[in-house]
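Below is one structure, written out as structure tokens, with a few remarks after it.
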Amino acid sequence: MKFPTTEAEWRSIARVFEAHCNIPNCIGAVDGKHVNILPPPNSGAYYYNYKGYNSLVLMAICDANCEFIMCDWWCEWTNIRWRSYCIHSVLQKT
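If you use the UniProt record's numbering, the sequence shown corresponds to residues 1 to 94, in order.
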């Protein structure tokens with residue numbers, strides 16, 4: 001999984017989306033998933049979602065070839081939010 005870091009890489013993804021899917025200027029397809037978990041002790045209802053179970057949220061971006069270019073999940077313990085290195089480091093630079 002390689003997150004694009006240059007304008008040329010983003011433009012390449014957009015060209016493939018337009019060629020394969022007839023969607024101009026698209027740089028990725030985003031989707032999310034609730035992943036079932038056993039919540040940390042004393043977390044109360046913090047991880048309880050609208051679907052009726054405890055979960056973390058997994059988000060991903062794919063290119064036009066259905067290959068992942070980014071995955072991210074979040075969780076919170078003791079009021080500190082942790083993010084996966086890939087997306088956090090890239091967004092911090094932009």
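Where is the CB? At the ideal position from N, CA and C, for every residue including glycine. What you are looking at is a predicted structure, and each value in this text was computed from that prediction instead of being measured.
Opening and closing residue of the alpha helix (DSSP H) in which residue i lies
| i | result |
| --- | --- |
| alanine 8 | 7-21 |
Span of the beta strand (DSSP E), counted from its first residue to its last, around residue i
| i | result |
| --- | --- |
| isoleucine 61 | 55-62 |
Cα-Cα separation, residue i to residue j
| i | j | result |
| --- | --- | --- |
| aspartate 63 | isoleucine 27 | 7 Å |
| isoleucine 69 | leucine 56 | 20 Å |
| tyrosine 46 | cysteine 71 | 22 Å |
| methionine 1 | alanine 14 | 17 Å |
| glycine 52 | alanine 29 | 27 Å |
| cysteine 66 | proline 40 | 33 Å |
| serine 43 | glycine 32 | 23 Å |
| leucine 38 | histidine 20 | 41 Å |
| asparagine 22 | glutamate 7 | 21 Å |
Chain-order list of residues whose beta-carbon lies under 6 Å from that of residue i (same chain, five-residue window excluded)
| i | result |
| --- | --- |
| valine 35 | Ser55, Leu56 and Leu58 |
| glutamate 9 | none |
| isoleucine 61 | Gly28, Val30, Ile69 and Met70 |
Residues bridged to residue i (per DSSP)
| i | result |
| --- | --- |
| asparagine 36 | Ser55 |
| cysteine 71 | Ala60 |
| tyrosine 48 | Asn54 |
Close-in-space but distant-in-sequence residues of the same chain around residue i (CB under 7 Å, 5 per side omitted)
| i | result |
| --- | --- |
| glutamate 18 | Pro24 |
| asparagine 49 | His34 and Ser55 |
| proline 4 | Trp10, Ile13 and Ile69 |
Neighbourhood of residue i by C-beta distance below 8 Å, restricted to the same chain and skipping five residues each side
| i | result |
| --- | --- |
| valine 16 | Asp63, Ala64 and Asn65 |
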